[in-house]
Amino acid sequence: MERLSLITMRLQLSLASIILCFFSSLITAQDLTLIKNVTVFDGERIMENTSVFIEGNKIKAIGNILGDVDGRLIDGTGKFLMPAMINAHVHAWSPESLKEAADAGVLNVMDMHGIERFQNQMKQLNDSTKYANYYIAGAAATVPEGHGTQYGFPTPTLTTPEEAKKFVADRVAANVDYVKIIVEPWKKTLNSETVEALITEAHKADKLAVVHVSRLDDALMVLNHGADALVHIWWDKELSAQDIEALKRRDFFIIPTTLTTLKAFKSMGEKSWEYLSKEALLNQIRMLHEAGIPIVAGTDPPNLGINYGTDLYEELRLLSEAGLSNLEVLKSATSNAAISFKIAKRGFVKPGYLADLILLDGSPVENINNIASINRIWKQGKIVK
Ligand SMILES: [Zn+2]
């Protein structure tokens, strides 16, 4: 018995020393951070009282790390560690926007319409700790005088299915990450055939086709054509049981932009046309979630005065109010977005993934408002704030 425990102890000691030797032989102490005794949301589930070990720009290990590490040690007792967030609908016009996002723990933003030349310059900042990673649609597809052309910058347009091939090829040449299409009948808008051709061309180019809609019938139309995502929820009417069944058969995700939509309703004041009540809007989101459709968080800044950073917390509060569990709400701004947009090595806390992390003083699973209790942010293992 004694002999056995001695052997076990020796084994444990030698394991610990192997691990420590392995770590110390490869890297210098300043590249190492160990966050101990912390609650972790890894993108899928909660792990209580565990440790996360960061080596260089990556997560090296999670679990009960043996021994001590010759590096930065952070006591995570009472704290909550989660992946950095993703805002899946923005329009960023300057590096300042990307900095505002990063300072709020939003280390990835998906731009949904802008000027490709500027966007590609801003993408050069992706490896800087100060700025959020920037993903772009380039110019969104719209018709002359359609939604998206009113902002005073030159926008390429199209009107027929025959033009879709060149439109998508131009976006691919501009290094876009996905293709954005606008269907917005309050102005002139793309017809159904052209939308279908754009989606087909985007898929041929191995790009997601994500679509702006504001009406339920348009949402059903674009999903019928194979759209990968809706970048807003509809404003005009409620889903029927038949609609839900139709949506369940489609493979897509939705960025409801709840905060944006409610602000838009408010700014319209007296009803100029029919739109949903807040209760009905939140109900639509709950129904989509219950139908198994991934919900992805996005806020559409700078529209309606929304900021690039902390206003994403408002969106998360609204998703919580809509009836998603707080764990599901956290997924909407992390793993759901990373999976949906096929972002590699981000959106999760996993070994081998980038150390893009947020440490909070309180648990947002217990209370979603704790998402604002930021203690520290890391981008690729370096402190942002
Ligand atoms: Zn937008």
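According to the numbering used here, the sequence shown is numbered sequentially starting from 1.
In this text, a Cβ means the ideal position worked out from N, Cα and C, and glycines have one as well.
All values derive from a computational prediction rather than experimental measurement.
Is H91 near ligand 1, going by C-beta to nearest heavy atom under 7 Å? yes
Unbroken stretches of the alpha helix (DSSP H), 4 residues or longer, contained in the region 70-105: 95-103
Residue ranges of each beta strand (DSSP E) within the region 30-64, 3 or longer: 32-41, 46-55 and 58-63
Spatial distance of A392 from D70 (CA atoms): Because residue 392 is not part of the residues shown, which for the chain are 1 to 385, the question remains open.
Are there three or more Cβ pairs, one per stretch, closer than 8 Å when the region 125-136 is compared with the region 184-203? no
Mapping DSSP to helix, strand and coil, what is Q150? coil
Pairwise C-alpha distance: V168 and W186: 24 Å
Are the region 44-51 and the region 290-310 touching by the rule of at least three beta carbon pairs closer than 8 Å? no
Look at the alpha carbon of S24 and the alpha carbon of G352, and state the distance between them as a whole number of angstroms. Summary for S24: the model assigns pLDDT 45, below 50, so the residue's position carries little reliability; its value from the coordinates is reported in the next sentence. Whole-angstrom Cα-Cα distance: 18 Å.
First and last residue of the uninterrupted alpha helix (DSSP H) at Y131: Premise fails: Y131 is in no alpha helix (DSSP H) and is neither H nor E.
Rounded to whole angstroms, what is the Cα-Cα separation between E2 and F348? Its pLDDT being 33, under 50, E2 is placed unreliably by the model, and the measurement read from it follows with that caveat. Cα to Cα, the separation comes out at about 43 Å.
Okay, do the region 111-119 and the region 322-331 touch, 3+ Cβ pairs below 8 Å being the bar? no
Output needed for E314: all residues of its chain with C-beta closer than 7 Å, excluding positions within five of it in sequence on either side, in chain order. L259
Are the beta-carbon atoms belonging to A209 and I254 less than 8 Å from one another? no
What does DSSP give as the partner residue(s) for A229 in the beta ladder? V210 and F253
Hey, would you say the C-beta of N303 is under 7 Å away from at least one heavy atom of ligand 1? yes
Counting contacts by CB-CB distance shorter than 8 Å, is L208 in contact with chain C? Among the chains of the structure shown, chain C does not appear; only one protein chain is present.
With three or more C-beta pairs closer than 8 Å as the rule, is the region 95-107 touching the region 149-169? no
From which residue to which residue does the alpha helix (DSSP H) around N224 run? L216 to N224
Pair every Cβ in the region 173-180 with every Cβ in the region 213-221, then say whether three or more of these pairs are closer than 8 Å. no
Contacts around K379, its chain only, beta-carbon distance under 6 Å, and the 5 residues preceding and following it disregarded: L107, T129 and D356
What is the DSSP secondary structure of R346, reduced to helix, strand or coil? coil
Buried/exposed call for M122, threshold 16 Cβ in 10 Å: buried
If I measure Cβ to Cβ from Y391 and keep anything under 8 Å in the same chain, skipping five residues before and after, which residues do I get? Outside the displayed span of the chain (1 to 385) sits residue 391, for which this structure offers no information.
Residue of N57, A92, K204 and F53 minimising C-alpha distance to N303: A92
To which residues of the same chain is D392 closer than 8 Å at the C-beta, ignoring the five residues directly before and after it? No answer is possible for residue 392: the residues shown for the chain start at 1 and end at 385.
Exposed or buried, I383, counting other C-beta atoms within 10 Å across all chains shown (16 or more means buried)? exposed
Does L324 pass the burial test, meaning 16 or more other C-beta atoms within 10 Å, or should it be called exposed? buried
Taking A337 as the reference, give the member of I86, K36, F252 and T77 with the closest Cα. I86
On the DSSP bridge list, what partners appear for K382? K379
Following a CB-centred definition, is M112 positioned closer than 7 Å to any heavy atom of ligand 1? yes
What's the C-alpha gap between T33 and E96? 28 Å
Classify A280 as buried or exposed, calling it buried when 16 or more other Cβ atoms lie within 10 Å of its own Cβ. exposed
Buried or exposed (CB count within 10 angstroms, at least 16 for buried), R346: buried
I'd like to know whether the C-beta atoms of E162 and N307 end up nearer to each other than 8 Å. no
For the candidate residues I295, P364 and E321, whose alpha-carbon lies nearest to that of L282? E321
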